[in-house]
Amino acid sequence: MPTAEALVELVEAVACRRDKQAFAILYRSYAPRLKTWLMRRGLGEGPAEDLVQETMVAVWRKASYYRPERAGVTTWIFRIARNHSIDYLRRASNAPSSNESQEEPIETMATGEAFVMGVEREHLMRLALEKLSPEQSRTIRLSFFEDKPHREIAEELGLPLGTVKSRIRMALTRLRLLLQDEQ
Amino acid sequence: MTISHHPGDETLHKFAVGLLTPGLRIVVAVHLEGCVRCRHWIGDLEILGGMLLAEMPPTPMAPDALARILARLDEKDHPVGLARQRSLEGLALPKALEACAISPWRWFGPGMHWSRVRLPWAPDANVVLFRIGASRRMPVHRHTGLELTQVLTGSFSDQFGEFKAGDLEEADGQIEHQPVVDSVRTCICLAAVEGRIHPRGRIATLVQRVIGL
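Residue numbers (this note's numbering), protein chains in the order written: chain A, 1 to 183; chain B, 184 to 396.
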């Protein structure tokens with residue numbers, strides 16, 4: 001993975017010069033990881049590839065909207081992929097209305113704040129994450145990347161459903177408090 | 184604007200991860216426009232999402248995948264014509280609703296109007312605007328899934344407190360409530376439900392039949 005600064009330069013090269021080599025580096029950095037993420041969310045290999053393709057095309061098209069002072073490149077790509085996956089899963093679940101399908105406008109949903117430089121905030125997040133117990137950190141990872149019903153997470157951890165829900169809640173609350181302390 | 188009621192932690196988490204259905208999602212998006220606290224938290228969760236994405240072990244893409252993507256890059260991006268409706272009879276609409284198709288106000292009872300909000304990317308989502316006159320009572324109802332109500336102007340109260348402009352009320356399937364608008368001014372709010380609403384009483388049933396939630 002290139003450094004955070006190098007990633008910003010790559011997106012700017014795509015935005016300003018329509019640089020396909022820079023784009024190819026972004027593709028190699030993100031596409032295989034996006035694929036893993038989507039497959040963990042329960043997508044088959046084919047749909048996961050399709051969705052990665054959609055996401056990377058969107059990265060090309062939206063590159064000029066990227067603002068480095070608002071978010072790191074990875075956060076920005078996560079947002080694009082998430083928004084595309086919402087649309088994709090929706091189309092998959094009710095095929096008949098798919099003709100008039102429109103993409104949710106990402107700009108209205110972009111919530112990144114310029115309150116701290118994206119990169120700096122990432123550093124604070126890393127510090128906070130390290131302070132979680134191994135179990136809390138595992139719970140948070142499961143809650144983010146496995147789009148399984150919490151029921152399945154419960155089975156995997158051998159815990160009752162209510163316990164899983166409250167553990168996710170507690171882990172997130174702890175993270176939030178740790179972040180406040182870091183500021 | 185002091186905001187005292189926010190979406191629950193689970194709802195914000197689902198929003199950040201992309202697991203909230205489109206109707207609920209847009210109500211939260213409207214809340215975020217006015218709420219710095221929730222915006223910061225969502226921003227943090229998105230940073231976390233990005234970090235976890237970067238930690239994923241790579242799965243090889245198909246050998247020709249990059250070539251197929253590169254071939255698509257020179258295609259013209261065909262932006263879909265969005266509705267861009269900015270106001271509804273004098274009410275300035277939140278930015279998040281600009282791409283939605285919003286019907287004119289329709290009467291559904293003395294002092295009570297509603298308007299259907301259609302999301303072009305999710306035509307089956309149940310999202311409505313309500314405009315309820317001062318001191319009016321909403322029909323008592325219960326719902327099978329989550330209901331989110333974001334106050335745009337005015338205020339209402341129920342057994343959980345007073346909800347003012349900028350506040351969001353989150354009510355799950357267990358809750359039966361009857362919001363009452365304050366005595367001074369009209370209340371306009373945006374609401375989305377997951378699942379079906381169970382009205383209680385004749386008027387509520389009529390309302391449900393008219394609005395079709």
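Virtual Cβ for every residue (Gly too), placed ideally from N, Cα, C.
Residue range of the unbroken beta strand (DSSP E) whose run includes B:T336 | Within the second sequence, residue 336 of chain B is the residue found at index 153, counting from 1. First-last of the beta strand (DSSP E) with B:T336: E330 to T336.
Could you work out which residues of chain B lie near A:L10, taking near to mean beta carbons separated by less than 9 Å?
-> Position 10 of the first sequence, counting from 1, holds the residue named residue 10 of chain A. The contacting residues do not exist; A:L10 stays about 14 Å from chain B at best.
Which value, in whole angstroms, describes the spacing of the CA atoms of A:E122 and B:L236?
-> What you label residue 122 of chain A is simply residue 122 of the first sequence in a count that begins at 1. What you label residue 236 of chain B is simply residue 53 of the second sequence in a count that begins at 1. Each residue's alpha carbon lies about 13 Å from the other.
Which runs of the beta strand (DSSP E), 3 residues or longer, sit entirely within the stretch 261–328 of chain B?
-> 289–292, 295–301, 310–315 and 324–326
Supposed contact pair B:Q361 and B:D341 - C-beta distance, whole angstroms, cut 8 Å | Translated into positions along the second sequence, residue 341 of chain B becomes position 158. Translated into positions along the second sequence, residue 361 of chain B becomes position 178. Sure, about 6 Å apart at Cβ, within 8 Å.
Proximity of B:V363 and B:G316 at Cβ, strictly below 8 Å | Residue numbering aside, residue 363 of chain B sits at position 180 when the second sequence is read from its first letter. Residue numbering aside, residue 316 of chain B sits at position 133 when the second sequence is read from its first letter. Contact: no.
Where does the unbroken beta strand (DSSP E) through A:L159 begin, and where does it stop?
-> Indexing the first sequence from 1 puts residue 159 of chain A at position 159. Looking at the DSSP string, A:L159 is not in any beta strand (DSSP E), and its letter there is neither H nor E.
What whole-angstrom Cβ distance do A:V73 and A:V8 have, given they're in contact under 8 Å?
-> Here residue 73 of chain A refers to the residue found at position 73 of the first sequence. Here residue 8 of chain A refers to the residue found at position 8 of the first sequence. Right, their Cβ atoms sit about 6 Å apart.
Any chain B beta carbon closer than 8 Å to A:S64 = Counted from its first residue, the first sequence places residue 64 of chain A at position 64. Chain B, which has no Cβ nearer than 8 Å to the Cβ of A:S64, makes this no.
From the DSSP output, read off the bridge partner residues of B:S340.
-> In the second sequence, counting from the first residue as 1, residue 340 of chain B sits at position 157. DSSP output for B:S340 lists B:E345 and B:V363 as bridge partner(s).
Can A:T55 and A:L26 be called in contact, C-beta distance under 8 Å?
-> Sequence index remark: in the first sequence, residue 55 of chain A carries index 55 (1-based). Sequence index remark: in the first sequence, residue 26 of chain A carries index 26 (1-based). Contact flag unset, no.
What's the C-alpha gap between A:V57 and A:E135?
-> Sequence index remark: in the first sequence, residue 57 of chain A carries index 57 (1-based). Sequence index remark: in the first sequence, residue 135 of chain A carries index 135 (1-based). Cα to Cα, the separation comes out at about 37 Å.
Span separating the alpha-carbon of B:A275 from that of B:R269 = What you label residue 275 of chain B is simply residue 92 of the second sequence in a count that begins at 1. What you label residue 269 of chain B is simply residue 86 of the second sequence in a count that begins at 1. About 6 Å.
Report, in whole angstroms, the separation of the C-beta atoms of B:L253 and B:C283, which I expect to be a contact under 8 Å.
-> As a first step, residue 253 of chain B must be located in the second sequence, where it is residue number 70. As a first step, residue 283 of chain B must be located in the second sequence, where it is residue number 100. At roughly 35 Å, the Cβ-Cβ gap does not stay under 8 Å, so B:L253 and B:C283 are not in contact.
Which bits of chain A does B:I230 rub up against, with CB to CB less than 8 Å?
-> On the second sequence, residue 230 of chain B is found 47 positions in, with the first residue counted as 1. Near B:I230 (Cβ distances below 8 Å), the residues of chain A are A71, G72, T75, G118, R121, E122 and M125.
So with Cβ pairs under 8 Å, would you call A:A171 a contact of chain B?
-> In the first sequence, the residue the question calls residue 171 of chain A occupies position 171. By this cut-off, A:A171 is not an interface position.
Proximal chain B residues relative to A:S143, where beta-carbon distance stays under 8 Å = Taking the first residue of the first sequence as 1, we reach residue 143 of chain A at position 143. Correct list: H196 and V200.
Positions along the stretch 335–368 of chain B whose CB lies within less than 8 Å of some CB in chain A = none
Should A:A24 be flagged as near chain B, meaning a C-beta pair shorter than 8 Å?
-> Reading the first sequence from its first residue, position 24 is the one you call residue 24 of chain A. At least one chain B Cβ lies under 8 Å of A:A24.
Residue-chain proximity (B:W288, chain A), Cβ-Cβ < 8 Å = As a first step, residue 288 of chain B must be located in the second sequence, where it is residue number 105. For B:W288, the answer is no, since every Cβ of chain A falls outside 8 Å of its Cβ.
Indicate whether B:C372 and B:Q333 have their beta-carbon atoms separated by less than 8 Å.
-> Taking the second sequence and counting its residues from 1, the one referred to as residue 372 of chain B is at position 189. Taking the second sequence and counting its residues from 1, the one referred to as residue 333 of chain B is at position 150. The answer is yes: Cβ separation under 8 Å.
A:Y88: contacting residues in chain B (beta-carbon distance under 7 Å) = Translated into the one-based positions of the first sequence, residue 88 of chain A becomes position 88. Those do not exist, as A:Y88 stays about 10 Å from chain B at its closest Cβ, beyond 7 Å.
Whose C-beta lies closer than 7 Å to the C-beta of A:K131 among residues of the same chain, with five residues either side of it excluded?
-> In the first sequence, residue 131 of chain A corresponds to position 131, counting from 1. Only L178 meet the Cβ criterion.
Please confirm if B:P246 has its CB atom under 8 Å from at least one CB of chain A.
-> If you number the second sequence from 1, residue 246 of chain B lands on position 63. B:P246 does not count as touching chain A.
By DSSP, does A:A154 sit in helix, in strand, or in coil?
-> For the purposes of this step, residue 154 of chain A is taken as residue 154 along the first sequence, with counting starting at 1. Note: A:A154 maps to helix in three-state DSSP.
Which word fits B:A212, buried or exposed, when buried means at least 16 other C-beta atoms lie within 10 angstroms of its C-beta?
-> Here residue 212 of chain B corresponds to residue number 29 of the second sequence, with the count starting at 1. So B:A212 counts as buried.
Segment limits, alpha helix (DSSP H) that includes A:L10 = For the purposes of this step, residue 10 of chain A is taken as residue 10 along the first sequence, with counting starting at 1. From DSSP, the alpha helix (DSSP H) with A:L10 extends over A4 to R17.
Nearest-angstrom Cα distance between B:H189 and B:A250?
-> As a position in the second sequence, residue 189 of chain B is number 6, starting the count at 1. As a position in the second sequence, residue 250 of chain B is number 67, starting the count at 1. Their backbone Cα atoms lie some 46 Å apart in a straight line.
So, helix, strand or coil for A:E69, using DSSP?
-> Stepping through the first sequence from its first residue, residue 69 of chain A is reached at position 69. It is coil, neither helix nor strand.
Neighbouring residues, chain B, relative to A:K35 (Cβ below 7 Å) = In the first sequence, counting from the first residue as 1, residue 35 of chain A sits at position 35. Going along chain B in sequence order, the residues near A:K35 (Cβ under 7 Å) are T242 and M244.
Complete beta strand (DSSP E) runs within the stretch 199–252 of chain B (minimum length 3 residues, chain order) | none
Mind pulling the chain A residues with CB within less than 7 Å of B:L253?
-> Start at 1 with the first residue of the second sequence, and residue 253 of chain B comes out as number 70. The contacting residues are K20.
Contact set between the stretch 48–59 of chain A and chain B, restricted to residues whose Cβ is under 9 Å from the partner | A48, E49, V52, Q53, M56 and V57
Pick from B:V200, B:V219 and B:T204 that is closest to B:P306, judged by C-alpha positions = Locating residue 306 of chain B in the second sequence gives position 123, counting from the first residue. For the residues B:V200, B:V219 and B:T204, the minimum Cα distance to B:P306 belongs to B:T204.
Could you tell me whether any Cβ in chain A is nearer than 8 Å to the Cβ of B:A284?
-> Along the second sequence, one-based indexing puts residue 284 of chain B at 101. No - not a single Cβ of chain A is within 8 Å of the one on B:A284.
Please classify B:S286: is it buried, with 16 or more other beta-carbons within 10 angstroms of its beta-carbon, or exposed?
-> Counted from its first residue, the second sequence places residue 286 of chain B at position 103. Result: exposed.
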